[in-house]
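Asks: Residue numbers (this note's numbering): 14 to 222. C-beta: ideal position from N, C-alpha, C; glycine also. No experiment lies behind these values; they were computed from the predicted model shown.
#1: Among 126, 118, 103, which one has its Cα closest to the Cα of residue 142?
#2: Hey, is the segment 187-200 in contact with the segment 38-53, meaning 3+ C-beta pairs nearer than 8 Å?
#3: If we call anything under 7 Å between Cβ atoms a contact, is residue 36 one with residue 219?
#4: Alpha carbon to alpha carbon, what distance is there between residue 59 and residue 160?
#5: Alpha carbon to alpha carbon, what distance is there between residue 215 and residue 30?
#6: Taking only the alpha-carbon atoms, compute the straight-line gap between residue 25 and residue 205 and give it to the nearest angstrom.
#7: Counting only runs that start and end within the segment 158-184, where is the beta strand (DSSP E) found for 3 or more residues in a row?
#8: Can you grab the Cα-Cα spacing for the pair residue 110 / residue 176, in whole Å?
#9: List the whole-angstrom C-beta distance separating residue 103 from residue 184, where the pair is believed to meet the contact cut-off of C-beta under 8 Å.
#10: Please list the terminal residues of the continuous beta strand (DSSP E) segment that includes residue 99.
#11: From the DSSP output, read off the bridge partner residues of residue 114.
#12: Is the separation between the beta-carbon of residue 73 and that of residue 186 shorter than 7 Å?
#13: Taking the beta carbon of residue 64 as the centre, do at least 16 other beta carbons fall within 10 Å, making it buried, or is it exposed?
#14: What number of angstroms, rounded off, separates the C-alpha of residue 134 from the C-alpha of residue 120?
#15: My assumption, with CB atoms under 8 Å, is that residue 138 sits in contact with residue 155. Please give the rounded CB distance.
#16: Closest by CA to residue 203, which one among 67, 212, 39?
#17: Can you find the residues in the same chain that come closer than 6 Å, C-beta to C-beta, to residue 208, ignoring five residues on each side of it along the sequence?
#18: Once the 5 residues before and after residue 38 are set aside, which same chain residues still bring their CB inside 6 Å of it?
#19: What would DSSP say about residue 143, mapped onto helix, strand or coil?
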């Protein structure tokens with residue numbers, strides 16, 4: 014498959030463009046594949062995963078990192094739950110790596126990092142809370158998240174950086190569901206650091222089987 018090909022292989026059962034800064038959610042059934050396409054390049058896509066039948070079991074960054082011995086997600090990475098069970102597998106990626114430790118921006122973190130004038134800005138946590146409300150959940154259910162396409166290098170002294178992205182227009186990541194998974198996304202609205210090149214853009218979500 015060509016690295017810049019947007020269209021996945023298989024029967025398309027859901028195909029939607031998520032506008033810049035917007036939330037999105039969908040249940041990806043066991044055996045289906047979700048392709049996330051960075052349409053214009055350099056966009057970060059914050060993501061939460063929940064067991065569709067029992068949302069109390071959800072994606073766990075510590076369990077995923079410990080099981081694979083690496084803080085980055087690449088082709089072959091297995092996204093594990095709070096019970097240590099597989100939820101989704103990265104079956105392909107046109108981007109070298111994805112972040113699982115940078116967290117999600119919020120009004121509070123924006124204020125702390127960039128100044129009080131940013132408090133009114135919409136942020137990923139607010140997107141998550143809105144979308145989770147559609148599924149009977151709330152802010153306490155916002156836990157560790159994945160940042161698809163986001164570039165968060167770990168420096169020699171252990172500090173984290175948020176730097177210019179490594180994606181480009183049309184690049185993608187494929188995630189195969191190992192069970193029925195509720196995927197919740199915030200198409201990151203951050204404009205105070207370079208994770209989106211200071212210019213949030215749309216992404217495409219395609220589910221195939």
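Replies: Checking against the coordinates, here is how it stands:
#1: 118
#2: They touch, by the three-pair rule.
#3: no
#4: 4 Å
#5: 7 Å
#6: Their Cα atoms are separated by approximately 36 Å.
#7: 159-161
#8: Answer to the nearest angstrom: the Cα atoms are 14 Å apart.
#9: Not really, about 14 Å apart at Cβ, beyond 8 Å.
#10: 99-106
#11: DSSP, once it has assigned bridges, lists no residue as partnering residue 114.
#12: no
#13: buried
#14: 7 Å
#15: 6 Å
#16: 212
#17: 57, 163, 175
#18: 144, 197
#19: helix
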